[in-house]
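Structure first, then comments.
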Amino acid sequence: MLWINKARMDDTSAAVVAEGLYALTPVATPQGWVRAGSLVAGAEVMTFDGGPTRIASVSTHRLDPRAPRAAWPLQVPMEVLGNTEPAVLLPEQGVMLDSDLAEDMYGEPFVTVPAAALEGWRGIIRVPPLAQTVVKLAFDTPALIYAGGDMIVVCPGLPMLSLAHGDLGTSVPPLGPAAARHLVGCMMAAEAQERARHDMAG
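According to our numbering, the stretch in the sequence shown is residues 8 to 209, in order.
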(Lines of atoms letter the chains of each structure in order from A and count residues from 1; the text may use other names and numbers.)
(Lines give C-alpha, C1' and ligand atoms only; values in the text may rest on other atoms or scores of the structure.)
Protein backbone atom coordinates (compact mmCIF):
# COMPACT_ATOMS: atom_id res chain seq x y z
CA MET A 1 0.00 0.00 0.00
CA LEU A 2 1.32 3.45 -0.90
CA TRP A 3 0.27 6.79 0.54
CA ILE A 4 -0.17 9.55 -2.02
CA ASN A 5 0.50 12.53 0.26
CA LYS A 6 3.95 13.32 1.65
CA ALA A 7 3.19 12.68 5.29
CA ARG A 8 3.95 9.98 7.82
CA MET A 9 0.97 7.74 8.39
CA ASP A 10 0.71 4.98 10.95
CA ASP A 11 -1.41 1.84 10.84
CA THR A 12 -1.23 0.40 14.35
CA SER A 13 -3.46 -2.57 13.61
CA ALA A 14 -1.84 -5.87 12.69
CA ALA A 15 -2.08 -6.76 9.02
CA VAL A 16 -0.65 -9.13 6.46
CA VAL A 17 2.22 -7.04 5.10
CA ALA A 18 4.43 -8.53 2.39
CA GLU A 19 6.96 -5.76 1.73
CA GLY A 20 8.82 -3.07 3.61
CA LEU A 21 11.68 -2.98 6.10
CA TYR A 22 11.71 -3.96 9.73
CA ALA A 23 11.90 -0.83 11.86
CA LEU A 24 15.29 -1.81 13.29
CA THR A 25 16.90 -2.28 9.85
CA PRO A 26 19.85 0.12 9.41
CA VAL A 27 19.51 2.34 6.33
CA ALA A 28 22.43 4.30 4.84
CA THR A 29 22.04 8.09 4.96
CA PRO A 30 24.50 10.93 4.28
CA GLN A 31 24.92 11.18 8.08
CA GLY A 32 25.54 7.46 8.58
CA TRP A 33 23.34 4.48 9.41
CA VAL A 34 19.84 5.22 10.71
CA ARG A 35 17.19 2.69 11.74
CA ALA A 36 14.34 2.55 9.25
CA GLY A 37 11.86 3.27 12.03
CA SER A 38 13.57 6.59 12.77
CA LEU A 39 13.33 7.93 9.22
CA VAL A 40 10.76 10.58 8.31
CA ALA A 41 9.49 12.13 5.10
CA GLY A 42 12.00 14.68 3.83
CA ALA A 43 15.03 12.86 5.23
CA GLU A 44 17.73 11.83 2.76
CA VAL A 45 19.03 8.31 2.26
CA MET A 46 21.82 7.01 0.04
CA THR A 47 20.70 5.28 -3.15
CA PHE A 48 22.51 2.84 -5.41
CA ASP A 49 22.58 5.01 -8.50
CA GLY A 50 21.10 8.37 -7.54
CA GLY A 51 23.16 9.57 -4.59
CA PRO A 52 21.34 11.16 -1.63
CA THR A 53 17.58 11.13 -2.25
CA ARG A 54 14.74 12.54 -0.18
CA ILE A 55 12.05 10.25 1.19
CA ALA A 56 8.60 11.26 -0.08
CA SER A 57 6.51 9.31 2.43
CA VAL A 58 6.83 6.90 5.33
CA SER A 59 4.14 4.51 6.53
CA THR A 60 4.31 1.99 9.35
CA HIS A 61 2.47 -1.28 9.84
CA ARG A 62 2.37 -4.06 12.43
CA LEU A 63 2.96 -7.62 11.29
CA ASP A 64 0.32 -10.21 12.12
CA PRO A 65 1.85 -13.31 13.78
CA ARG A 66 -1.11 -15.31 12.44
CA ALA A 67 -0.20 -14.60 8.81
CA PRO A 68 -0.24 -17.60 6.44
CA ARG A 69 3.08 -19.22 5.64
CA ALA A 70 3.18 -17.58 2.21
CA ALA A 71 3.47 -14.24 4.01
CA TRP A 72 6.19 -15.36 6.42
CA PRO A 73 9.41 -13.36 6.25
CA LEU A 74 12.76 -14.79 5.21
CA GLN A 75 15.79 -14.93 7.46
CA VAL A 76 19.02 -14.08 5.65
CA PRO A 77 22.34 -15.21 7.18
CA MET A 78 25.08 -12.62 7.55
CA GLU A 79 26.91 -11.61 4.35
CA VAL A 80 24.66 -13.60 1.99
CA LEU A 81 23.34 -10.40 0.39
CA GLY A 82 26.09 -8.10 1.62
CA ASN A 83 24.29 -7.66 4.94
CA THR A 84 26.73 -7.13 7.80
CA GLU A 85 24.45 -8.88 10.28
CA PRO A 86 21.61 -11.42 9.96
CA ALA A 87 18.64 -9.81 8.25
CA VAL A 88 14.94 -10.51 7.84
CA LEU A 89 13.12 -9.65 4.62
CA LEU A 90 9.42 -9.74 3.86
CA PRO A 91 8.52 -12.08 0.97
CA GLU A 92 7.59 -9.45 -1.62
CA GLN A 93 10.40 -7.08 -0.69
CA GLY A 94 12.56 -6.53 -3.76
CA VAL A 95 16.29 -7.08 -3.27
CA MET A 96 19.14 -6.69 -5.74
CA LEU A 97 21.33 -9.57 -6.89
CA ASP A 98 24.69 -9.30 -8.67
CA SER A 99 24.99 -12.52 -10.64
CA ASP A 100 27.02 -13.75 -13.62
CA LEU A 101 24.14 -16.12 -14.35
CA ALA A 102 21.73 -13.19 -14.49
CA GLU A 103 23.96 -11.58 -17.10
CA ASP A 104 24.06 -14.82 -19.11
CA MET A 105 20.30 -15.32 -18.89
CA TYR A 106 18.95 -11.77 -19.03
CA GLY A 107 21.83 -9.64 -20.31
CA GLU A 108 22.17 -7.75 -17.03
CA PRO A 109 24.43 -8.62 -14.07
CA PHE A 110 22.19 -6.69 -11.67
CA VAL A 111 18.55 -7.70 -11.24
CA THR A 112 16.01 -7.32 -8.47
CA VAL A 113 13.98 -10.26 -7.20
CA PRO A 114 11.27 -10.71 -4.56
CA ALA A 115 12.85 -12.06 -1.39
CA ALA A 116 10.55 -15.10 -1.49
CA ALA A 117 12.49 -16.35 -4.54
CA LEU A 118 15.62 -16.68 -2.37
CA GLU A 119 14.20 -19.36 -0.07
CA GLY A 120 16.66 -22.25 0.22
CA TRP A 121 19.63 -20.35 -1.23
CA ARG A 122 22.69 -20.10 1.04
CA GLY A 123 20.74 -20.83 4.19
CA ILE A 124 17.84 -18.42 3.62
CA ILE A 125 14.75 -19.82 5.33
CA ARG A 126 11.18 -18.83 6.18
CA VAL A 127 10.54 -17.84 9.78
CA PRO A 128 7.25 -17.18 11.59
CA PRO A 129 6.46 -13.46 11.81
CA LEU A 130 6.49 -11.63 15.11
CA ALA A 131 4.23 -8.69 15.95
CA GLN A 132 6.87 -6.16 14.92
CA THR A 133 6.72 -2.84 13.12
CA VAL A 134 7.46 -2.67 9.40
CA VAL A 135 8.31 0.60 7.67
CA LYS A 136 7.46 1.36 4.06
CA LEU A 137 9.60 4.09 2.52
CA ALA A 138 8.50 5.68 -0.76
CA PHE A 139 10.25 8.18 -3.00
CA ASP A 140 9.15 10.44 -5.84
CA THR A 141 10.36 7.69 -8.18
CA PRO A 142 11.41 4.11 -7.33
CA ALA A 143 14.77 3.86 -5.58
CA LEU A 144 17.38 1.30 -4.57
CA ILE A 145 18.66 1.90 -1.05
CA TYR A 146 21.34 0.35 1.16
CA ALA A 147 20.00 -1.61 4.13
CA GLY A 148 22.26 -3.23 6.70
CA GLY A 149 25.55 -2.98 4.81
CA ASP A 150 25.80 -3.60 1.07
CA MET A 151 22.38 -5.24 0.82
CA ILE A 152 20.34 -3.20 -1.66
CA VAL A 153 16.55 -3.19 -1.52
CA VAL A 154 13.83 -1.68 -3.68
CA CYS A 155 11.60 1.12 -2.44
CA PRO A 156 8.60 2.21 -4.51
CA GLY A 157 7.88 5.60 -5.99
CA LEU A 158 4.68 7.50 -5.38
CA PRO A 159 2.46 6.37 -8.27
CA MET A 160 1.34 9.79 -9.51
CA LEU A 161 4.82 11.32 -9.31
CA SER A 162 6.49 8.30 -10.90
CA LEU A 163 4.02 8.53 -13.78
CA ALA A 164 4.65 12.27 -14.14
CA HIS A 165 8.40 11.62 -14.30
CA GLY A 166 7.87 8.75 -16.74
CA ASP A 167 9.84 6.55 -14.36
CA LEU A 168 7.95 3.53 -13.05
CA GLY A 169 11.00 1.42 -12.18
CA THR A 170 14.58 1.60 -10.99
CA SER A 171 17.66 1.43 -13.21
CA VAL A 172 17.95 -2.29 -12.36
CA PRO A 173 15.50 -4.62 -14.15
CA PRO A 174 13.06 -6.50 -11.92
CA LEU A 175 12.31 -10.19 -12.34
CA GLY A 176 8.84 -11.53 -11.67
CA PRO A 177 8.35 -14.39 -9.21
CA ALA A 178 8.72 -17.20 -11.76
CA ALA A 179 11.78 -15.76 -13.50
CA ALA A 180 13.35 -14.89 -10.14
CA ARG A 181 12.83 -18.39 -8.81
CA HIS A 182 14.26 -19.86 -12.02
CA LEU A 183 17.38 -17.69 -11.69
CA VAL A 184 17.88 -18.59 -8.04
CA GLY A 185 17.36 -22.27 -8.83
CA CYS A 186 20.07 -22.04 -11.50
CA MET A 187 22.37 -20.27 -9.03
CA MET A 188 21.80 -23.03 -6.47
CA ALA A 189 22.51 -25.73 -9.06
CA ALA A 190 25.69 -23.99 -10.23
CA GLU A 191 26.94 -23.64 -6.66
CA ALA A 192 26.16 -27.30 -5.93
CA GLN A 193 28.14 -28.34 -9.01
CA GLU A 194 31.06 -26.17 -7.90
CA ARG A 195 31.04 -27.76 -4.45
CA ALA A 196 30.96 -31.23 -6.02
CA ARG A 197 33.95 -30.41 -8.23
CA HIS A 198 35.81 -29.03 -5.23
CA ASP A 199 35.08 -32.17 -3.21
CA MET A 200 36.27 -34.40 -6.03
CA ALA A 201 39.45 -32.36 -6.46
CA GLY A 202 40.11 -32.51 -2.72
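The beta-carbon is built from N, C-alpha and C at its ideal position, and this holds for glycine as well.
Are the C-beta of residue i and some C-beta of chain D separated by less than 8 Å?
i, result
"Met-194", "In the displayed structure, chain D is absent; only one protein chain is listed."
Along the chain, where does the beta strand (DSSP E) that runs through residue i open and close?
i, result
"Gln-82", "81 to 83"
"Ala-94", "94 to 96"
"Phe-117", "117 to 121"
"Ser-64", "64 to 70"
"Met-53", "51 to 54"
"Val-34", "33 to 36"
"Val-47", "Run containing Val-47: none; DSSP gives neither H nor E here."
Residue i lies in the alpha helix (DSSP H); which residues open and close that run?
i, result
"Arg-188", "184 to 208"
"Glu-110", "107 to 113"
Report yes if the C-beta distance between residue i and residue j is below 8 Å; otherwise report no.
i, j, result
"Pro-72", "Ala-30", "no"
"Val-65", "Leu-144", "yes"
"Thr-119", "Ala-150", "no"
"Leu-141", "Thr-60", "Checking the displayed sequence, the identity of residue 141 turns out to be Val instead of Leu. No, these two residues do not count as a Cβ contact at 8 Å."
"Leu-70", "Val-160", "no"
"Val-34", "Ala-43", "yes"
"Val-95", "Ile-131", "no"
"Ser-106", "Leu-190", "yes"
Between residue i and residue j, how many whole angstroms is the CB-CB distance? I'm expecting something under 8 Å.
i, j, result
"Arg-129", "Pro-84", "7 Å"
"Thr-148", "Gly-164", "4 Å"
"Asn-90", "Met-194", "Actually they do not touch by this definition, with Cβ atoms about 17 Å apart."
Tell me whether the region 50 to 58 and the region 118 to 135 touch, counting them as touching only if at least three CB pairs, one residue from each stretch, are closer than 8 Å. no
(request) Decide yes or no for the touch test of the region 68 to 80 against the region 98 to 109: beta carbon pairs closer than 8 Å, at least 3 of them. (result) yes
| message | Quick check for students: name the residue ranges of the alpha helix (DSSP H) that lie wholly in the region 127 to 176, counting only runs of 4 or more. | response | 166 to 172
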